[in-house]
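Peer 1:
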Amino acid sequence: MNVLIIGSGGREHAIAWKVAQSPRLRKLYIAPGNAGTSLCGENVLMDISKHDEVVSFCKEKQIDLVIVGPEIPLAEGLVDSLSDANIRSFGPNQAAAEIEASKVFAKDFMARNQIPTARYITFSNYQEAVDYVKQIDYPIVIKASGLAAGKGVILPETLEESISTLEAMLVKHEFDSAGAEVVIEEKLIGQEVSLMAFSDGEYCVAMIPAQDHKQLLDGDNGPNTGGMGTYAPAPILTNGLLSEAVEKVLQPTIDAMRNEGRKFIGVLYAGLMLTKDGLRVLEFNCRFGDPETQVVLPLLETDLLDIVEACIDGKLKDVHIKWKEGAAVCVVLASKGYPEKAESGKVVTFAELPENVICFHAGTKMDGNKIITAGGRVFGVTAMASNIENAIEKVYSNIDKVSFEGVQYRKDIGRRTL
């Protein structure tokens, strides 16, 4: 098969790395890709927001399958454009992608379909939102409704902070159109787990649960980021809770989306909070998580192309998805200044990594024959081992083999499981 992967981050490098292992692959393209994806296939310089460009490339190169990585092309309807041109693609169409593209839609969807989530209210008027936060007496979370690259969720600790967050979103438009509507919801207390599932629109299969570390600094301190590291499996989501999540969250969501005319084909990702009152959904994403993909796909034994094709063909029930024993831990190496204003253009040096340690590129590009940094999150270094403890030891004992000026990373990824 000739395969095109859309995207340029660590998630896309992990997908490309996995697809490249398939005996069914003839030729792999990644658009636009990064310095790491070029080791798996051929990078293509293309404006992925121009759907006609993507379609004509697919026709020219006789692409059999497109895997769309990031949320923005999904929200912009790239899958719809590909389908209209009879090009097989993996990912939800625009209507189904709204489950991530609009937090207001997602919360209303959960409410009307009895999917457990936090109490919430939505606003587009600044003064009404301020009046509301002044009269409540419980901790809250404020979310920009639209896509904000993982940075649109604020956990204010004081009333003043709540008001300045609302002003930033609704008055100063610091989140552009993503913040034109906000969701104010009750802050849930508990541990968070990322649970992704493959879906063919009728049926879903959960992947191994992972746990992400959102804050920049050790001990879950500092500003929120797109994710500083992750590990899988997450033992806190026991087999019993995993079954409950499929039964009460994932499958009902797939069923309700289909019933509402938004058949969901692709990866549904539920951010779950394990509260004292049971499972609650924090949010849904319409694609593989980043950096969760960098620990989940290395543990997948089944050919990813087999699963993707089964989802597109509505035959997911016919595929027996197998996982490897053991665990994986991924530590993100970020640029100086991330997440506010990341430096870039720093030369990267590499030493050889041992077996079962992979360096997934995220914000990198080639400069002549050198690899330089080109973003906030630059790499995800992933180690696989027989258990979490050994994987943690393995990743941290090899982390210095990838280095660049100003590198920052957390030293405690996965340690909460110990």
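In terms of numbering that gives the first Met the number 0, the sequence shown opens at residue 0 and continues consecutively. All C-beta atoms, glycine included, are put in the ideal place defined by N, C-alpha and C. Every value quoted in this text rests on a predicted model; they were computed, and no experiment measured them.
1. Taking the beta strand (DSSP E) that residue 1 falls in, what are its first and last residues?
2. With burial defined as no fewer than 16 other Cβ atoms inside 10 Å of the residue's Cβ, what is the status of residue 164: buried or exposed?
3. What residue range is occupied by the uninterrupted beta strand (DSSP E) comprising residue 228?
4. Less than 6 angstroms between C-beta atoms, sequence neighbours within five positions excluded: which residues of the same chain meet that for residue 329?
5. Three-state secondary structure (DSSP) at residue 213?
6. How should residue 8 be labelled, buried or exposed, when 16 other C-beta atoms within 10 angstroms of its C-beta is the threshold for buried?
7. If you follow the alpha helix (DSSP H) that residue 258 is in, where does it begin and where does it stop?
8. Could you round the C-beta distance between residue 188 and residue 116 to whole angstroms and report it? I think they count as a contact, below 8 angstroms.
9. Provide the residue span of the alpha helix (DSSP H) that contains residue 310, from first to last.
10. Counting only the same chain and skipping the five closest in sequence on each side, list residues whose C-beta sits under 8 angstroms from that of residue 325.
11. Does the stretch 80-87 come within contact of the stretch 254-261, defined as at least 3 CB pairs closer than 8 angstroms?
12. Starting from residue 394, follow the alpha helix (DSSP H) in both directions and report where the run begins and ends.
13. Could you tell me the distance, in whole angstroms, from the CA atom of residue 414 to the CA atom of residue 208?
14. If I follow the unbroken beta strand (DSSP E) through residue 135, where does it start and stop?
15. Between residue 309 and residue 249, which are expected to be in contact by the criterion C-beta below 8 angstroms, what is the C-beta distance as a whole number of angstroms?
16. According to the Cβ coordinates, are residue 170 and residue 142 closer than 9 angstroms?
17. So what does DSSP say about residue 407, is it helix, strand or coil?
18. In this structure, does DSSP put residue 351 in helix, strand or coil?
19. If you count every other CB in all the chains shown that lies within 10 Å of the CB of residue 264, and 16 or more means buried, which is it?
20. Can you tell me whether residue 245 is helix, strand or coil according to DSSP?
21. According to the Cβ coordinates, are residue 145 and residue 184 closer than 9 angstroms?
22. Could you tell me whether the stretch 392-405 touches the stretch 38-48, using the rule of 3 or more Cβ pairs below 8 angstroms?
23. Specify, as a first and last residue, the run of the beta strand (DSSP E) that residue 49 falls within.
24. From the DSSP output, in three-state form, read off residue 180 for me.
25. Would you list, in sequence order, the uninterrupted alpha helix (DSSP H) runs of no fewer than 4 residues that lie entirely inside the stretch 67-94?
26. Please report the residue range of the alpha helix (DSSP H) in which residue 13 lies.
27. Reducing DSSP to helix, strand and coil, say where residue 35 ends up.
28. Could you give the DSSP three-state label for residue 45: helix, strand or coil?
29. Could you please give the first and the last residue of the uninterrupted beta strand (DSSP E) stretch that includes residue 366?
30. Would the stretch 236-247 and the stretch 337-354 be scored as touching if the rule is three or more Cβ pairs under 8 angstroms?
31. Shortest alpha-carbon distance to residue 33 belongs to which of 278, 5, 21, 284?
32. At the level of alpha carbons, what is the spacing between residue 419 and residue 24?
33. Determine the DSSP secondary structure at residue 221, reduced to helix, strand or coil.
Peer 2: In this structure, then:
1. 1-6
2. buried
3. 228-231
4. 228, 229, 290, 293, 294, 379, 381
5. coil
6. buried
7. 250-258
8. Rounded, the Cβ-Cβ distance is 14 angstroms, inconsistent with contact.
9. 303-311
10. 298, 383, 384, 385, 386, 390
11. no
12. 387-397
13. 16 angstroms
14. Unbroken run through residue 135: none, as it is neither H nor E.
15. Not really, about 17 angstroms apart at Cβ, beyond 8 angstroms.
16. no
17. strand
18. coil
19. buried
20. helix
21. no
22. no
23. Unbroken run through residue 49: none, as it is neither H nor E.
24. coil
25. 70-74, 77-83
26. 9-18
27. coil
28. coil
29. 363-366
30. no
31. 5
32. Residue 419 lies beyond the stretch modelled for the chain, which goes from 0 to 417, so this question has no answer here.
33. strand
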